[in-house]
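*Asks:*
Chains as they are written, first to last, in the numbering used here: chain Z, 3 to 374; chain S, 3 to 374.
1) Kindly identify the DSSP beta-bridge partner or partners of residue 305 of chain S.
2) Is the Cβ of residue 125 of chain Z closer than 8 Å to any Cβ of chain S?
3) When you compare the CB of residue 25 of chain S with every CB in chain Z, is at least one pair closer than 8 Å?
4) Can you tell me whether DSSP reads residue 13 of chain Z as helix, strand or coil?
5) Check residue 284 of chain S in the structure and name its three-state DSSP category.
6) With H, G and I counted as helix, E and B as strand and the rest as coil, what does DSSP make of residue 225 of chain S?
7) Kindly say whether residue 191 of chain S, judged by its beta-carbon, lies nearer than 8 Å to any beta-carbon of chain Z.
8) So which of Z/67, Z/226 and Z/90 has the shortest CA-CA distance to residue 230 of chain S?
9) Look up residue 64 of chain Z in the DSSP assignment and say whether it is helix, strand or coil.
10) Among the residues of its own chain, which have a CB less than 6 Å from the CB of residue 71 of chain S, if the five just before and after it don't count?
11) State yes or no: is the beta carbon of residue 225 of chain S nearer than 8 Å to at least one beta carbon in chain Z?
12) Please name the residue in S/188, S/46, S/259 and S/326 whose C-alpha comes closest to that of residue 128 of chain S.
13) Could you have a look at residue 175 of chain Z and say whether DSSP puts it in helix, strand or coil?
14) Which residues does DSSP pair with residue 209 of chain Z in a beta bridge?
15) Check residue 149 of chain S in the structure and name its three-state DSSP category.
16) With DSSP collapsed to three states, give me the class of residue 90 of chain S.
17) On the DSSP letters alone, give me the boundaries of the alpha helix (DSSP H) that residue 193 of chain S sits inside.
18) For the beta strand (DSSP E) that residue 71 of chain Z lies in, which residues bound it at each end?
19) Rounded to a whole number of angstroms, what is the C-alpha to C-alpha distance between residue 317 of chain S and residue 357 of chain S?
20) With 8 Å as the threshold, decide whether the Cβ of residue 344 of chain S is near any Cβ in chain Z.
21) Using DSSP with H/G/I as helix, E/B as strand and the rest coil, what is residue 100 of chain Z?
22) Going along chain S in order, which residues have a C-beta closer than 9 Å to the C-beta of residue 262 of chain Z?
23) Where do the ends of the beta strand (DSSP E) carrying residue 245 of chain S lie?
24) For residue 57 of chain S, which residues in chain Z fall below 9 Å Cβ to Cβ?
25) Look up residue 25 of chain Z in the DSSP assignment and say whether it is helix, strand or coil.
26) Are the C-beta of residue 231 of chain S and some C-beta of chain Z separated by less than 8 Å?
27) Since residue 234 of chain S meets chain Z, which of its residues come closer than 7 Å, beta carbon to beta carbon?
28) Give a yes or no on whether the minimum CB-CB distance between residue 99 of chain S and chain Z is below 8 Å.
29) Express the C-alpha separation of residue 46 of chain S and residue 372 of chain S in angstroms, rounding to a whole number.
30) Is the shortest distance between the beta-carbon of residue 110 of chain S and the beta-carbons of chain Z less than 8 Å?
31) For residue 237 of chain Z, which residues in chain S fall below 7 Å Cβ to Cβ?
32) Roughly how many whole angstroms lie between the Cα atoms of residue 209 of chain S and residue 208 of chain Z?
33) Quick one: Cα of residue 281 of chain S to Cα of residue 204 of chain Z, how far?
34) Would DSSP call residue 321 of chain Z helix, strand or coil?
35) For residue 245 of chain Z, does the count of other Cβ atoms within 10 angstroms reach 16, so buried, or fall short, so exposed?
36) What does residue 258 of chain S reach in chain Z if we use C-beta pairs closer than 8 Å?
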């Protein structure tokens, strides 16, 4: 009998940030009948259940035997170790997918280890959070995010379509890549920046008087090195798994770094400008993404005196007029609440109306156009 | 007769982002009797006056002849060109300061060009904005920001004290450095990150299929390369003026980059971990700053359905209870307004009370501790 669900029973093995978010996102839909959380740590599973990321929990892999979809929410190295453990329990025709940040190795391992009749499709959601574990799980984590899948030519079309349908129901955009293409891509856009950010921090503290120097670090340094604060265990594993592609990416980076180094050394103004200008144009042309593909936003910057309750005051003025605030950001915080606040609206009319009503309430506004 | 003001007449030459913000910050105080904006472009000056950054404007440098303080708000190279132009008009005993991002060259030039009896004290406010020009000026720009001054042993103590008093009245923290120390410091914390960010963008687009690769760029790449979108004219000038220190900083960076490169090549797990862990610890120990020295903030993450007016709704609940929101950030924006919102409070009690009242209003909350 054909089930009225896309998947009758889904197992999430490893209900952390990503696994938990998948559970929350899938829970909300009518596509899955039942979601079970499986893992070794009962306490973690219980928390996942409190968060409603899964409907049932178990530490027994035999629960996998009637699952149509098994999501391995574990880090790359754990996932590789898990494959032989779960292999004996999998149902014929089941789809197994992972969420690891590299794809070549896991795809090879899955091909070698999983029995005939099991469909492995590697996955990598391009979404994350600074928070770790289930407490960072968010049912909207994948909205507008890209989600890479790495099928090969033996992947049954029907299995791929079902997995795509589920993932796209989370609001994600699926991209198909082969594992090599994926691993080189993430080496360039994710692993290289990580190495660079860590190296920037490490080199800053190689200078004499580094503590005094660090006082001068402003927004530029802070943003450029933000990801250096990530989990070193996870990143060591990534750098170990994707070394070959990462070394290639570092080579490409070093060549460009040498180029600007020589231009500065030669005091070659034109060449320096050309390199900075190329970067600016390429950067500006890139899709803004971490918050999803936001359209252009119409902004108002509000300068307010230090006064309690000012956010509520401003949003009330706009709320009473039925004007939606699409984004709000406190640009400068002073001792109490207040300072400079950026408001963004999804269209010019709302921006104009908001500016009128705020001005009428004696709030200083300036308008501009930004992007999310 | 001793004026009852710290400065009787202040000239701001070049009323852009920084000059304009100085005007706004000084305007608010009782320390300055009159602020005049001077420049070549009358239209720009008129806008500065509309913004109330200055009280009078002029395109005539003769206005400098009765000024006690002359603030050169122009970029480094323009400032160097300006010195001989303004030199003949300066009043004996006047203080001249600049806001340029390097200090060795301008200090030498000022010593050579300005007449005896004029006190030049280089300045560099560690504050900025992505906005350019007067439209980004903000009277609170310097609050909690560091502001470097580079006096030398000939600087009269009284002049330095007066300038410090004015700058600290903006809410800034002054740091005294010698020009060399300053230029090496900013090479390490500001210019090097800029080169690195531009180089990351440039190298990404050296890969084959770079357009498809760019689709995978997430928050890490975006943050690490954010400053690559800055003005290439300004940055070419900075890289030209501070080349020597920058090359040294790049050398230090390259040595650390080689170290992690070799560790990845040798698959030396321990060494990779040690480098990542050092960076994480150093980064985590650094003062958060671009928004000033914020104390630890107590956070609540709120997950809300897509519903208009939700920000106003939440801030009303808290406002009615007299609970200040110290920071608010929309973490994920969906099509309309809503998604996940981070609220931060300055103390644990407010965090707890806020969580109670939001929960009572059926809003899902999670608490945590972050830092500004």
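Note that CB positions come from ideal geometry on N, CA and C, so glycine has one too.
No experiment lies behind these values; they were computed from the predicted model shown.
*Replies:* Let's see:
1) As a working note, residue 305 of chain S is residue 303 in the second chain. Looking at the DSSP output, residue 305 of chain S shares a beta bridge with S/342 and S/366.
2) Here residue 125 of chain Z refers to the residue found at position 123 of the first chain. Answer no: the Cβ-Cβ gap between residue 125 of chain Z and chain S never drops below 8 Å.
3) What you label residue 25 of chain S is simply residue 23 of the second chain in a count that begins at 1. Not one chain Z Cβ lies under 8 Å of residue 25 of chain S.
4) Along the first chain, one-based indexing puts residue 13 of chain Z at 11. Strand.
5) In the second chain, counting from the first residue as 1, residue 284 of chain S sits at position 282. Residue 284 of chain S sits in a helix when the DSSP states are folded into three classes.
6) In the second chain, counting from the first residue as 1, residue 225 of chain S sits at position 223. Here residue 225 of chain S sits in helix by DSSP.
7) Mapped onto the second chain, residue 191 of chain S falls at position 189. With 8 Å as the cut-off, residue 191 of chain S counts as an interface residue toward chain Z.
8) As a first step, residue 230 of chain S must be located in the second chain, where it is residue number 228. Comparing Cα-Cα distances from residue 230 of chain S to each of Z/67, Z/226 and Z/90, the minimum goes to Z/226.
9) On the first chain, residue 64 of chain Z is found 62 positions in, with the first residue counted as 1. Helix.
10) Mapped onto the second chain, residue 71 of chain S falls at position 69. Here residue 71 of chain S has 9, 12 and 97 as same chain residues with Cβ atoms under 6 Å from its own Cβ, once five neighbours each way along the sequence are excluded.
11) As a working note, residue 225 of chain S is residue 223 in the second chain. Yes, contact with chain Z.
12) Walking along the second chain from the start, residue 128 of chain S turns up at place 126. Measuring C-alpha to C-alpha distances from residue 128 of chain S to each of S/188, S/46, S/259 and S/326 identifies S/188 as the nearest.
13) Taking the first chain and counting its residues from 1, one reaches residue 175 of chain Z at position 173. Strand at residue 175 of chain Z.
14) Walking along the first chain from the start, residue 209 of chain Z turns up at place 207. As DSSP reads the structure, residue 209 of chain Z sits in no beta bridge.
15) Within the second chain, numbered from 1, the residue matching residue 149 of chain S stands at position 147. It is a strand residue.
16) What you label residue 90 of chain S is simply residue 88 of the second chain in a count that begins at 1. DSSP places residue 90 of chain S in the helix class (H, G or I) of the three-state scheme.
17) What you label residue 193 of chain S is simply residue 191 of the second chain in a count that begins at 1. For residue 193 of chain S, no alpha helix (DSSP H) segment is defined, and its DSSP state is neither H nor E.
18) Start at 1 with the first residue of the first chain, and residue 71 of chain Z comes out as number 69. 71-74 is the span of the beta strand (DSSP E), which, as asked, contains residue 71 of chain Z.
19) Along the second chain, read from residue 1 onward, the residue named residue 317 of chain S stands at position 315. Along the second chain, read from residue 1 onward, the residue named residue 357 of chain S stands at position 355. So the alpha carbons of these two residues sit roughly 12 Å apart.
20) The residue you call residue 344 of chain S lines up with position 342 of the second chain. Not an interface residue.
21) Taking the first chain and counting its residues from 1, the one referred to as residue 100 of chain Z is at position 98. For residue 100 of chain Z, the three-state secondary structure derived from DSSP is strand.
22) Reading the first chain from its first residue, position 260 is the one you call residue 262 of chain Z. Residue 262 of chain Z reaches chain S at 197, 200, 201, 204, 241 and 252, counting residues in chain order whose Cβ is nearer than 9 Å.
23) Reading the second chain from its first residue, position 243 is the one you call residue 245 of chain S. Not the beta strand (DSSP E): residue 245 of chain S falls in the alpha helix (DSSP H), residues 245-267.
24) Numbered from its first residue, the second chain carries residue 57 of chain S at position 55. Correct list: empty, because the minimum Cβ distance to chain Z is about 18 Å.
25) As a working note, residue 25 of chain Z is residue 23 in the first chain. Here residue 25 of chain Z sits in helix by DSSP.
26) Indexing the second chain from 1 puts residue 231 of chain S at position 229. By this cut-off, residue 231 of chain S is an interface position.
27) Position 232 of the second chain holds residue 234 of chain S. Per Cβ cutoff of 7 Å: 275, 278, 279 and 282.
28) Locating residue 99 of chain S in the second chain gives position 97, where the first residue counts as 1. No, its Cβ sits nowhere closer than 8 Å to a Cβ of chain Z.
29) As a position in the second chain, residue 372 of chain S is number 370, starting the count at 1. As a position in the second chain, residue 46 of chain S is number 44, starting the count at 1. Interpretation of residue 372 of chain S is limited by its pLDDT of 39, a score under 50 that renders its predicted location unreliable; the figure taken from the coordinates is listed afterwards. Rounded to the nearest angstrom, the two C-alpha atoms are 41 Å apart.
30) Sequence index remark: in the second chain, residue 110 of chain S carries index 108 (1-based). Any Cβ of chain Z closer than 8 Å to the Cβ of residue 110 of chain S would place that residue at the interface, and such an atom is absent.
31) Here residue 237 of chain Z refers to the residue found at position 235 when the first chain is read from its first residue. In chain order: 278.
32) Within the second chain, the letter at position 207 stands for residue 209 of chain S. Within the first chain, the letter at position 206 stands for residue 208 of chain Z. Going by C-alpha positions, residue 209 of chain S is about 31 Å away from residue 208 of chain Z.
33) The residue given as residue 281 of chain S occupies position 279 in the second chain. The residue given as residue 204 of chain Z occupies position 202 in the first chain. Cα atoms of residue 281 of chain S and residue 204 of chain Z: separation of roughly 5 Å, rounded to the nearest angstrom.
34) Stepping through the first chain from its first residue, residue 321 of chain Z is reached at position 319. Helix at residue 321 of chain Z.
35) Counted from its first residue, the first chain places residue 245 of chain Z at position 243. When all chains shown are included, residue 245 of chain Z counts as buried.
36) Taking the first residue of the second chain as position 1, residue 258 of chain S is located at position 256. Within chain Z, the residues near residue 258 of chain S are 201, 204, 205 and 208.
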